[in-house]
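If you read the protein sequences in the order shown, they are chains A and B.
For the first sequence, our numbering gives the first residue as 2, with consecutive numbering after it.
For the second sequence, our numbering gives the first residue as 2, with consecutive numbering after it.
From the three backbone atoms N, C-alpha and C, an ideal C-beta is built for every residue, glycine too.
Only one structure is covered here, and it is reproduced in the block below.
Protein chains: 2
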Amino acid sequence: MRPTQLECKKRILSDAVPLFAKSGYDRVTMRQIAAKARITAGSLYHHFPSKQDLYLEAMKQVFTDRTRRLTEALSEDGHPADRLRNLVFRFCKQLREDRIFSRLIDREILDGNEERFRMIVDKVFKEFFSEMTRLCKELAPMFDPYLLAISIVALAAYHYQITPIRKYLPGGRPSYDDPEIVAQHIVTLIFNGIGHKPHVGIGKKRKGDPPA
Amino acid sequence: MRPTQLECKKRILSDAVPLFAKSGYDRVTMRQIAAKARITAGSLYHHFPSKQDLYLEAMKQVFTDRTRRLTEALSEDGHPADRLRNLVFRFCKQLREDRIFSRLIDREILDGNEERFRMIVDKVFKEFFSEMTRLCKELAPMFDPYLLAISIVALAAYHYQITPIRKYLPGGRPSYDDPEIVAQHIVTLIFNGIGHKPHVGIGKKRKGDPPA
DNA sequence: GTCTATAACATGATAGAC
DNA sequence: GTCTATCATGTTATAGAC
Numbered sequence: 002m003r004p005t006q007l008e009c010k011k012r013i014l015s016d017a018v019p020l021f022a023k024s025g026y027d028r029v030t031m032r033q034i035a036a037k038a039r040i041t042a043g044s045l046y047h048h049f050p051s052k053q054d055l056y057l058e059a060m061k062q063v064f065t066d067r068t069r070r071l072t073e074a075l076s077e078d079g080h081p082a083d084r085l086r087n088l089v090f091r092f093c094k095q096l097r098e099d100r101i102f103s104r105l106i107d108r109e110i111l112d113g114n115e116e117r118f119r120m121i122v123d124k125v126f127k128e129f130f131s132e133m134t135r136l137c138k139e140l141a142p143m144f145d146p147y148l149l150a151i152s153i154v155a156l157a158a159y160h161y162q163i164t165p166i167r168k169y170l171p172g173g174r175p176s177y178d179d180p181e182i183v184a185q186h187i188v189t190l191i192f193n194g195i196g197h198k199p200h201v202g203i204g205k206k207r208k209g210d211p212p213a
Numbered sequence: 002m003r004p005t006q007l008e009c010k011k012r013i014l015s016d017a018v019p020l021f022a023k024s025g026y027d028r029v030t031m032r033q034i035a036a037k038a039r040i041t042a043g044s045l046y047h048h049f050p051s052k053q054d055l056y057l058e059a060m061k062q063v064f065t066d067r068t069r070r071l072t073e074a075l076s077e078d079g080h081p082a083d084r085l086r087n088l089v090f091r092f093c094k095q096l097r098e099d100r101i102f103s104r105l106i107d108r109e110i111l112d113g114n115e116e117r118f119r120m121i122v123d124k125v126f127k128e129f130f131s132e133m134t135r136l137c138k139e140l141a142p143m144f145d146p147y148l149l150a151i152s153i154v155a156l157a158a159y160h161y162q163i164t165p166i167r168k169y170l171p172g173g174r175p176s177y178d179d180p181e182i183v184a185q186h187i188v189t190l191i192f193n194g195i196g197h198k199p200h201v202g203i204g205k206k207r208k209g210d211p212p213a
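Written out as structure tokens, the structure reads:
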């Protein structure tokens, strides 16, 4: 049976997504996309009016796809602290397994325009972020929920964003790739902090403190 | 007075850096760089053998320039907690003022190759990161200093990395751009955590809970 | 020798004819 | 769907200006 036009478009987009994530918009040629979809470059223009349009449709597809899983972990039953803990563990696992999502978002933040930012926030982050701030309000009423939500995402996202260069940092070990280890560290930090000193007006007297 | 060869090259690089930060390697044409330096595209090849070489030299210049300021805040006198607090505040201020550095690093992480990763870590992060881990060891001996150092950088870097889309998130206010506010939030979180619950064995155990 | 301008070539994105 | 033309861009070769 011949694939419908819609199926054909979807297939082309699914083929194109990993290419864009790996190399970025400019370094992906229409010929590469066409080759992966087993048609010729010109034929792509039968389905999509331009490379830009193909790209934007690909983004929409992959973002809406990944969004669901992200929000799931937040809308479960249980104690708020457990929900946060679960979220961090799942998020780290997903970031570790799927570099595509993270890379595409980073590329969008660097190269997108205002219209695309609105689209991404609306389609990808809005619902997830609302759930996050709600959880933060429950869990830590003394904190600004907006800043705290971003901080929590930051901790997980950044650890895996810098994966490619992390191994060259002094002291790096392969185990630092392990989602369990990273997530446990993040959860401990979020709940307890480094638990050392109050955060204002501390220890101003001694000059040249001896190392601990 | 005629500029020397070195001055001429430096000028071209300084002109090129903001272009690369804004649009990325591929979207910057040799003709654009040449126009900004008030020469023609062909003439660029008298100074640099290729676009790649021009780009790499530009990166080296901007990275070594920014590195110094980053490490300064860490090598001051004072109580470790104060040093960390100072670092976070300075880092946030710098990230807020200078988007170029941050954008170039994000682009490098996305598009660089192993050789370039090594170069960047060596020239930009190694010294800074060593100081960070040393500080972390002093300040929070119970934590893995490597993971903690990354987490601290993550909190500051990510808040400003997502600046372009932050304003579209529900609950966003202009004050969340203010380095003082962001830095204070980060410092409070690092030192105290959300101060709510212990980080293991909380609530009831549920199906699919990650191991503690 | 040192810098620059000009012209020309190869490749890739894209539009339009078939 | 395919094929061809056009345009932008990295790059090279060559020659002029100081």
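DSSP-derived helix/strand/coil call for residue i
i, result
"residue 141 of chain B", "coil"
"residue 88 of chain A", "helix"
"residue 193 of chain A", "helix"
"residue 30 of chain A", "coil"
"residue 231 of chain A", "Given that chain A is displayed from residue 2 to residue 213, the structure contains no residue 231 of chain A and the question cannot be resolved."
"residue 59 of chain A", "helix"
"residue 49 of chain B", "coil"
"residue 161 of chain B", "helix"
"residue 177 of chain B", "helix"
"residue 19 of chain A", "helix"
"residue 184 of chain A", "helix"
"residue 171 of chain A", "coil"
"residue 99 of chain A", "coil"
"residue 38 of chain B", "coil"
"residue 113 of chain A", "coil"
"residue 43 of chain B", "helix"
Chain A residues whose Cβ lies nearer than 7 Å to that of residue i
i, result
"residue 97 of chain B", "Neighbours of residue 97 of chain B on chain A: none; closest Cβ ~14 Å, over 7 Å."
"residue 122 of chain B", "166, 169 and 170"
Nearest candidate by alpha-carbon position, reference residue i, set the options
i, options, result
"residue 105 of chain A", "A:86, A:84, A:35 and A:67", "A:67"
"residue 107 of chain A", "A:98, A:121 and A:85", "A:121"
"residue 87 of chain B", "B:194, B:193 and B:157", "B:157"
"residue 188 of chain A", "A:84, A:171 and A:100", "A:84"
"residue 73 of chain B", "B:161, B:173, B:129 and B:169", "B:129"
"residue 94 of chain B", "B:79, B:78 and B:161", "B:161"
"residue 109 of chain A", "A:24, A:195 and A:196", "A:24"
"residue 103 of chain A", "A:177, A:64 and A:168", "A:64"
"residue 153 of chain B", "B:179, B:186 and B:125", "B:186"
"residue 113 of chain A", "A:131, A:170 and A:57", "A:57"
"residue 169 of chain A", "B:116, B:173 and B:182", "B:116"
"residue 135 of chain A", "A:89, A:33, A:125 and A:146", "A:146"
Cβ of residue i within 8 Å of any chain B Cβ
i, result
"residue 134 of chain A", "yes"
"residue 13 of chain A", "no"
"residue 190 of chain A", "yes"
"residue 102 of chain A", "no"
"residue 126 of chain A", "yes"
"residue 75 of chain A", "no"
"residue 71 of chain A", "no"
"residue 208 of chain A", "Here the model assigns residue 208 of chain A a pLDDT of 39, short of 50, so the residue's position is not dependable, and the following value carries that caveat. Chain B contact via Cβ: present."
CB contact below 8 Å: residue i versus chain A
i, result
"residue 87 of chain B", "no"
"residue 193 of chain B", "yes"
"residue 287 of chain B", "Since the first residue shown for chain B is 2 and the last is 213, residue 287 of chain B is missing from the structure and cannot be characterised."
Contacts of residue i in chain B (Cβ-Cβ under 7 Å)
i, result
"residue 131 of chain A", "171"
"residue 178 of chain A", "By Cβ distance, chain B contributes nothing, its closest Cβ being about 11 Å from residue 178 of chain A, past 7 Å."
Per-residue contacts from residue i into chain B (C-beta, under 8 Å)
i, result
"residue 92 of chain A", "Near residue 92 of chain A there are no residues of chain B at all, since even the closest Cβ is about 11 Å away, more than 8 Å."
Chain A contact residues for residue i, given Cβ-Cβ distances below 8 Å
i, result
"residue 64 of chain B", "Going along chain A, no residue has its Cβ under 8 Å from residue 64 of chain B, so there is no contact; the nearest lies around 13 Å."
Beta-carbon neighbours of residue i, restricted to chain B and to distances below 9 Å
i, result
"residue 119 of chain A", "166 and 169"
heavy atom of the ligand GTP below 7 Å from residue i C-beta
i, result
"residue 21 of chain A", "The ligand GTP is absent from the structure shown, which contains no ligands of any kind."
Contact list for the stretch 31 to 62 of chain B against chain A, Cβ threshold 9 Å: For the stretch 31 to 62 of chain B, the beta-carbon criterion of a distance under 9 Å to any beta-carbon of chain A is satisfied by none of its residues.
Where the stretch 137 to 148 of chain B meets chain A: residues whose CB sits under 9 Å from a CB there: Taking 9 Å as the cut-off between beta carbons, the residues of the stretch 137 to 148 of chain B near chain A are 137, 138, 139, 140, 141, 142, 143, 144, 145, 146, 147 and 148, in sequence order.
Chain B contacts from the stretch 147 to 171 of chain A (Cβ-Cβ distance under 9 Å): Closer than 9 Å at the C-beta level to chain B, one finds these residues of the stretch 147 to 171 of chain A: 147, 148, 149, 150, 151, 152, 154, 155, 156, 157, 158, 159, 160, 162, 163, 164, 165, 166, 167, 168, 169, 170 and 171.
Under 7 Å (Cβ pairs) to chain B, residues found in the stretch 15 to 29 of chain A: Result list: 25, 27 and 28.
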